[in-house]
Amino acid sequence: MSDMDLCARLTAGDLDALADAYDQHGPYVYGVAVKVTGSQAYAEEVTQDVFTALWERPLSYDPSLGSLRGWLVSRALHESALRTKV
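Numbering follows full-length UniProt numbering, in which position 57 of the sequence shown is assigned residue number 57; successive positions increment by one, without gaps.
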């Protein structure tokens, strides 16, 4: 499934689309968060926050600007940086 299709499904409120996005990208997002924060607990929070943001504001991701994985990782890096400054 393309990122554009997934984005359209998310925008339509398709909860299965969120599950599909998590299945495809969740482990990668979590892995990045663990490396940045050094904490499994923080990485779990970061991963949850990233996918919550995708669900709540699916239009904040623009498929014409890059891949969904890239967008999710960018969000994870930002959220991880916030956690390490706490």
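Just so you know, even glycine gets a beta-carbon here, dropped at the ideal spot from N, CA and C.
Item                                                                                                                                                                    : Value
Report yes if the C-beta distance between L18 and F51 is below 8 Å; otherwise report no.                                                                                : yes
Helix, strand or coil: how does DSSP classify M4 here?                                                                                                                  : helix
Using alpha carbons as the reference points, say which of V29, L15, E45, D14 lies closest to residue 87.                                                                : Since the first and last residues shown for the chain are 1 and 86, residue 87 lies out of range.
Whole angstroms are fine: how far does the CA of G38 sit from the CA of D5?                                                                                             : 34 Å
Looking at the structure shown, is S64 part of a helix, part of a strand, or coil, going by DSSP?                                                                       : helix
I need the DSSP call for A12, collapsed to helix, strand or coil.                                                                                                       : coil
I need the boundaries of the alpha helix (DSSP H) containing residue 88, first residue and last residue.                                                                : Residue 88 lies beyond the stretch modelled for the chain, which goes from 1 to 86, so this question has no answer here.
Within the same chain, show all residues whose beta-carbon is closer than 8 Å to that of Q40, passing over the 5 residues directly before and after it, in chain order. : V34
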